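**Student:** So that we are looking at the same thing, I have put the structure below in structure tokens.
Numbering (this note's numbering), first residue to last: 298 to 422.
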């Protein structure tokens, strides 16, 4: 069990880091929908972060996801799949909502879980 817990913590930390990268990208290149909608490089950059978040969450243990069923794991995976398999149909309006609402919420939830579980120290990395 300790091994799964350690892996889950590492994955949570990586997801948090991708959430922070999204924040940094939007802060650097403009955090308005108009700026996002008109900048393909920003869309592609945050899209890669979304893909990585979706991929990482599939590696969390089933038990962990069941214990934290308030997090929409399926929707996270669906967003990743849309970017990977159906990119030409990605709607910037939908992505914007994800970036402004869902990503910060996911980050906050994972930070809270990680803190409650004692965090992640250097020896666990």
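The beta-carbon is built from N, C-alpha and C at its ideal position, and this holds for glycine as well.
From a predicted model like this one, the values you see are computed outputs, not experimental measurements.
(1) Quick check: the Cα distance between residue 402 and residue 381, rounded to an integer number of angstroms?
(2) Would you give the residue range spanned by the alpha helix (DSSP H) that residue 382 belongs to?
(3) How far does the alpha helix (DSSP H) with residue 396 in it extend, from its first residue to its last?
(4) How close, in whole Å, do the beta carbons of residue 346 and residue 310 come, if the pair is a contact with beta carbons under 8 Å?
(5) Could you work out which residue in 378, 352, 341 and 325 is closest to residue 389 when comparing CA atoms only?
(6) Quick one: what does DSSP say residue 364 is sitting in, helix, strand or coil?
(7) Which class does residue 315 belong to by DSSP, given the choice of helix, strand or coil?
(8) So what does DSSP say about residue 304, is it helix, strand or coil?
(9) Closest to residue 367 by C-alpha separation, out of 410, 316, 326 and 397, would be which residue?
(10) Measure the C-alpha to C-alpha separation of residue 377 and residue 349 and round it to an integer number of angstroms.
(11) Suppose the cutoff is 7 Å on Cβ atoms and the five residues either side in sequence are ignored; what does the same chain contact list for residue 354 look like?
(12) Beta-carbon within less than 7 Å of residue 416's beta-carbon, same chain only, minus the 5 sequence neighbours each way: which residues are those?
**Tutor:** According to the data block:
(1) Position 105 of the chain shown holds residue 402. Position 84 of the chain shown holds residue 381. Rounded to whole angstroms, residue 402 to residue 381 spans 23 Å at the Cα level.
(2) Along the chain shown, read from residue 1 onward, the residue named residue 382 stands at position 85. Unbroken alpha helix (DSSP H) run through residue 382: 370-382.
(3) Reading the chain shown from its first residue, position 99 is the one you call residue 396. No alpha helix (DSSP H) contains residue 396, which DSSP labels as neither H nor E.
(4) The sequence position of residue 346 within the chain shown is 49, counting from 1. The sequence position of residue 310 within the chain shown is 13, counting from 1. Wrong, their Cβ atoms sit about 15 Å apart, outside the cutoff.
(5) If you number the chain shown from 1, residue 389 lands on position 92. Cα-wise, what sits closest to residue 389 is 341.
(6) Residue 364 sits at position 67 when you count from the first residue of the chain shown. Residue 364: helix per DSSP, three-state reduction.
(7) Numbered from its first residue, the chain shown carries residue 315 at position 18. In the structure shown, residue 315 sits in a helix (DSSP, three-state: H, G or I).
(8) Here residue 304 refers to the residue found at position 7 of the chain shown. Helix, per DSSP.
(9) Working through the chain shown from its first residue, we reach residue 367 at position 70. Of 410, 316, 326 and 397, the residue nearest in Cα terms is 410.
(10) For this step, residue 377 is matched to residue 80 along the chain shown. For this step, residue 349 is matched to residue 52 along the chain shown. Taking the Cα positions, residue 377 is about 8 Å away from residue 349.
(11) If you number the chain shown from 1, residue 354 lands on position 57. So the list reads 312, 370, 373 and 374, once near-sequence residues are dropped.
(12) Sequence index remark: in the chain shown, residue 416 carries index 119 (1-based). Excluding positions up to five away in sequence, the list is empty.
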